[in-house]
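*Asks:*
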Amino acid sequence: KLDFRHLPDGYVATAADVEAELKRIGHDLQPLNIVLVNTAAGAKFGQADYVSSGCGMGYEATMYLLERGVRVTGTDGWSWDAPFVHTARRYGETGDASLIWEGHKASRHIGYSHIEKLHNLDQLPSTGFTVSCFPVKIERASAGWTRAVAIID
Numbered sequence: 666k667l668d669f670r671h672l673p674d675g676y677v678a679t680a681a682d683v684e685a686e687l688k689r690i691g692h693d694l695q696p697l698n699i700v701l702v703n704t705a706a707g708a709k710f711g712q713a714d715y716v717s718s719g720c721g722m723g724y725e726a727t728m729y730l731l732e733r734g735v736r737v738t739g740t741d742g743w744s745w746d747a748p749f750v751h752t753a754r755r756y757g758e759t760g761d762a763s764l765i766w767e768g769h770k771a772s773r774h775i776g777y778s779h780i781e782k783l784h785n786l787d788q789l790p791s792t793g794f795t796v797s798c799f800p801v802k803i804e805r806a807s808a809g810w811t812r813a814v815a816i817i818d
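Residue numbers (the numbering used here): 666 to 818.
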């Protein structure tokens with residue numbers, strides 16, 4: 666689990682942020698590890714400002730994970746990317762359309778699945794647990810529900 670609760674709302678996490686957190690928790694990524702990202706959004710779930718809270722994973726950070734064999738990720742945020750209100754502001758300032766859903770778009774290069782709106786990530790240790798994901802099959806959908814379960818070793 667990457668603990669990014671200290672990063673400000675709207676921040677776009679980079680590969681350097683991921684590397685630093687992995688070093689801090691003493692974890693070497695292995696292919697097929699499931700990586701969960703604990704953001705400041707988790708504590709805001711159910712509140713009006715939930716959708717604008719927490720950091721997001723940018724293209725660079727997402728590719729860093731995917732290039733090391735990660736194929737499933739999760740976040741307690743409303744989206745894998747930075748909250749859209751912040752992305753929209755940056756787009757308005759720059760006109761750079763590549764900023765929109767940049768973390769999602771990494772899957773164009775290396776396929777992966779991510780889970781959003783996870784709860785209680787703050788209750789998990791940094792390492793030493795297994796994540797099992799039980800999705801609900803939905804016909805002709807690009808997203809759906811999953812029951813994510815952490816099993817503490």
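Where a beta carbon is used, it is the ideal one built from N, C-alpha and C, also for glycine.
(1) Per DSSP, what are the beta-bridge partners of I699 in this structure?
(2) Please say whether L701 and E686 have beta carbons closer to each other than 8 Å?
(3) By alpha-carbon positions, which one of Q695, C720, T740 and D787 ends up nearest to F749?
(4) If you drop the 5 nearest sequence neighbours on each side, which residues of the same chain put their C-beta closer than 7 Å to that of A813?
(5) Give the straight-line distance between the Cα atoms of A762 and G768, rounded to the nearest whole angstrom.
(6) Roughly how many whole angstroms lie between the Cα atoms of Y715 and K709?
(7) Just the Cα atoms here: how many angstroms apart are P800 and L786?
*Replies:* Once the coordinates are examined:
(1) Residue 699 sits at position 34 when you count from the first residue of the sequence shown. V737.
(2) Along the sequence shown, one-based indexing puts residue 686 at 21. Along the sequence shown, one-based indexing puts residue 701 at 36. For E686 and L701, no; Cβs fall outside 8 Å.
(3) In the sequence shown, counting from the first residue as 1, residue 749 sits at position 84. The residue with the shortest Cα to Cα distance from F749 is C720.
(4) By one-based count along the sequence shown, residue 813 stands at place 148. These residues qualify, in order along the chain: G739, I780, L783, V796 and C798.
(5) The residue given as residue 762 occupies position 97 in the sequence shown. The residue given as residue 768 occupies position 103 in the sequence shown. For A762 and G768, the distance between alpha carbons rounds to 13 Å.
(6) Locating residue 715 in the sequence shown gives position 50, where the first residue counts as 1. Locating residue 709 in the sequence shown gives position 44, where the first residue counts as 1. Approximately 5 Å between the Cα atoms of the pair.
(7) As a position in the sequence shown, residue 800 is number 135, starting the count at 1. As a position in the sequence shown, residue 786 is number 121, starting the count at 1. Separation of P800 and L786 (C-alpha to C-alpha, rounded to the nearest whole angstrom) is 19 Å.
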